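For reference, the structure discussed in these notes is given below.
Number of protein chains: 2
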Amino acid sequence: MDARKRLVLKAIVDHYIRTGRPLSSQALLRKHDLGVCSATIRNDMKYLERQGLITKAYSSAGRVPTEKGFRFFVDWLLELGELTHPDQHAITESYRVRRQEIERLLRQTALLLANVSGYAGFVLAPRLEESRLESVVFAKLDAEHALAVVVSELGILEHRVIPTRLSDAALREVGALLTERLRGKRLDEARREARRFAEAEGWHDPQVQTAFALLLEALEPRPGRRLYVEGLFNLLKSLADEGHRLEDVREVVRLLGDPERFGRYLEAQTAHTPNVQARIGSENDLPELAPCSLVFRGYRPSGALGVLGPVRMDYGKAFSLTTYIGNRLEAILTLSHGHGHGRSVEEALEVEGEVSRS
Amino acid sequence: MDARKRLVLKAIVDHYIRTGRPLSSQALLRKHDLGVCSATIRNDMKYLERQGLITKAYSSAGRVPTEKGFRFFVDWLLELGELTHPDQHAITESYRVRRQEIERLLRQTALLLANVSGYAGFVLAPRLEESRLESVVFAKLDAEHALAVVVSELGILEHRVIPTRLSDAALREVGALLTERLRGKRLDEARREARRFAEAEGWHDPQVQTAFALLLEALEPRPGRRLYVEGLFNLLKSLADEGHRLEDVREVVRLLGDPERFGRYLEAQTAHTPNVQARIGSENDLPELAPCSLVFRGYRPSGALGVLGPVRMDYGKAFSLTTYIGNRLEAILTLSHGHGHGRSVEEALEVEGEVSRS
DNA sequence: CTTAGCACTCTCCTTGTTGGACTGCTAACC
DNA sequence: GGTTAGCAGTCCAACAAGGAGAGTGCTAAG
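Going line by line, the protein sequences match chains A and B. The opening residue of the first sequence carries number 53 in the working numbering; numbering runs sequentially from there. The opening residue of the second sequence carries number 53 in the working numbering; numbering runs sequentially from there.
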């Protein structure tokens, strides 16, 4: 395909992304002076149409990109820019807010993806099963209850109120013992270990037995991974602009309300590569996503994030943003590795700043 | 208004709620044999129309209720039933899941409202400012960090990772002291007291000062109250069935994504009475809620919950459900009062069962 | 107050018409 | 070969017109 044809395709996609309208051969020339007349453009368009890259709504309408056209655009024509300075600034500011637990951090990230992109943003939490346990802490709340906190290298995984009459000192002892035995183990290993531990005859005190049982319950794997979705309104707005019907859109909302299903999908899609990818319209295996495009990537360890917008989304921005925020989040999460959890976000960002310039 | 006219109105509203279609005088007679002919019904309809209770889309269409008609229906004609047994069972089952923190409890409740009603469900958290502080607990996580937990009578209000090098013993001492001084105070009083405390010269250790500063930050009032919304898909589905356009519906979604605004509205609406109320369509002061009806109530202490559905919602079910779940939640929350927080939900439910029969 | 009957109104669906925006094609041109 | 000019052809979108059907409003009688 020669340069002019690519330019014609790019012009059609750009125009369609901006306006949502078809582009005619003459209108194209009005914008870009290619030094040829409209008939030539029409011939090019014909070629592109034969390739399945563009189509027309009816025989004498202007051309719009097909999904294949978007795909070609994304793969070959998209100019990946940097995020604008204000956007970068907003992201930095947003992460600057005090120390975070993993849950808040991920929700914040989803919000950020949504706000900056103008579409919906989502973050799939890492597989906590695989993170390594750092400590188990008990804190006496009142005579009858204590708080059990499970901390991994990623931060606080779980905190649960458990009923126990054990003394503060006894609780601390149990916590210390558990921490010593379980530290560095993956969560699932830790669970097995703790279970063996609880069943061992060595520990006769029924109070301790009960505390263990409850802790094990707190360690129990969640049915699915957590999924944070924000910016639903943005998504509805763009899909409305694109002329979609409420009946189709609501199925998208249903999917986003089903973390199980959507999470599994994201997991499958990021299994082979952590790189930024796009799934355009019906390229998505989930039929309800047909009106949408997904731009997403994996992040270490074992998570995924991205934005969900209309097929005619601003892919350039979506790609930059997903890449950028993915790097940030990865830096924040992996920096706490081995340094004790809860490291200040400011520190993480400073180091990340260096990393990103490398 | 005589009995037959009321019956005609009820028939029209019932039919409209079920099918979303207008009801003609003849169709009405086919359903309910009133012993009169269609012309009589038409006269009744004319009367109801003059009262502004029903209307017709055009001069020769059947009648549909106006919002005023719905209001009359809700106020005078609605037969308040009990929840069906399966529904009650589902609710009980759902609350039976282990001990909960307030956040999980409220989210769970919103989910329950959504699932049982088939519309969207929401829960506005109580004004935490007004709940009385029970204890402040610190737990050492690692050399550099500790977890600060603020517990009120409602349960765990806030937990934050704070950086501190204080020893475990010192932390416990600070916690005990704080608890002693602050217990029983309202959160805002406690904050002032803690601030005085921190500024008092008596405490010179900069470490402790820092810990205090961070704790104060954790006590800082959230910008707004928490709002939990679930079942958005349900809402979109009903609004779609009602023929609403995506453009209108998305404004509702926008509102629900703005806890600040929606929360303030609920607060204002429940300020005068905790009873179940309905706001039908444009009775709502928020213009974007015009396509919806709100059925809601307050619950002690100072919270609100309810369902958000289409104007042609099943008000009977919405009322029963909101009442029932409100009572349950109230029982769970107020029972923990003074008994130490985190009381088992099972116990609360048992007592609640007795209350509801009284 | 109720009824029967009829005229009337308005929607909904189909059909037709027209203007305009584009394309596709062909033949000539470089 | 690629490119151009011109023109025929296609299709939509908007509007108008007409007919069937559903349901009301009204009037006069019971």
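Just so you know, even glycine gets a beta-carbon here, dropped at the ideal spot from N, CA and C. The structure displayed is predicted, hence computed values, not measured ones.
- Interface with chain A (8 Å Cβ-Cβ cutoff): Phe-285(B) is included.
- Three or more Cβ pairs closer than 8 Å define a contact, and the segment 166-183 of chain A falls short of that threshold against the segment 186-197 of chain B.
- In this structure, Pro-138(A) keeps its C-beta atom at 8 Å or more from the C-beta atom of Tyr-68(A).
- Counted as a single uninterrupted DSSP element, the beta strand (DSSP E) harbouring Arg-331(A) occupies residues 329-332.
- Rounded to the nearest angstrom, the gap between the Cα atoms of Asn-167(A) and Gly-283(A) is 7 Å.
- Where Glu-131(B) is concerned, there is no enclosing alpha helix (DSSP H), because DSSP gives it neither an H nor an E.
- For Ser-187(A), the nearest CB of chain B lies under 8 Å from its own CB, placing it at the interface with that chain.
- Using a 10 angstroms sphere on the CB of Arg-277(B), the tally of other CB atoms reaches 16 or more, which defines it as buried.
- Val-359(B) places its beta carbon 8 Å or farther from that of Glu-119(B).
- Around the C-beta of Leu-341(B), 16 or more other C-beta atoms lie within 10 Å, and the residue is accordingly described as buried.
- Judged by their CB atoms, Arg-56(A) and Asp-96(A) are nearer to each other than the 8 Å cut-off.
- Here the alpha carbon of Gln-78(A) sits roughly 12 Å from the alpha carbon of Gly-87(A).
- Not a single CB atom of chain A sits nearer than 8 Å to the CB of Leu-360(B).
- In the three-state reduction of the DSSP assignment, Leu-176(A) falls in the strand class, which pools E and B.
- Within the segment 339-398 of chain A, the complete beta strand (DSSP E) segments at least 3 residues long are 344-351 and 355-362, listed from N- to C-terminus.
- Residues of the segment 227-243 of chain A with a C-beta less than 9 Å from any C-beta of chain B: Gly-227, listed in chain order.
- Interface criterion met: the Cβ of Val-301(A) is under 8 Å from a Cβ in chain B.
- Look at Leu-239(A) here: in three-state DSSP terms it is helix.
- In this chain, the alpha helix (DSSP H) harbouring Ser-77(B) covers 77-83.
- Around Arg-235(B), the same chain offers Leu-185, Glu-186 and Ser-187 as residues with beta carbons nearer than 7 Å, after the five sequence neighbours per side are excluded.
- Rounded to the nearest whole angstrom, the CA to CA distance from Lys-369(B) to Leu-132(B) is 8 Å.
- Under the three-state reduction of DSSP, Glu-153(B) is assigned to coil, being neither helix nor strand.
- Glu-251(B) sits in a helix when the DSSP states are folded into three classes.
- DSSP, reduced to helix, strand and coil, places Leu-288(B) within a helical segment of the structure shown.
- One alpha carbon belongs to Thr-386(B), the other to Ser-204(B), and they sit about 12 Å apart.
- Cβ neighbours of Ser-354(A) within its own chain (closer than 8 Å, five residues either side excluded): Pro-178, Arg-179 and Glu-182.
- When rounded, the separation of the alpha-carbon atoms in Val-347(B) and Leu-75(B) is 25 Å.
- Identification of chain A residues near Lys-83(B) by a Cβ-Cβ cut-off of 8 Å yields none; the smallest Cβ-Cβ distance measures about 29 Å.
- By the rule that beta-carbons nearer than 8 Å mark a contact, Lys-289(A) touches chain B.
- Fully contained in the segment 179-231 of chain A are the following beta strand (DSSP E) runs of length 3 or more, in chain order: 185-192, 197-204 and 207-215.
- The DSSP-derived three-state label of Leu-267(B) is helix.
- Take Leu-271(B), set aside five residues on each side of it, and the residues of its chain with a beta-carbon closer than 6 Å to its own are Arg-243, in chain order.
- Chain-order list of chain B residues neighbouring Glu-153(A): Val-213, by C-beta distance under 7 Å.
- Of the other Cβ atoms in all chains shown, fewer than 16 fall within 10 Å of the Cβ of Asn-327(A); this residue is therefore exposed.
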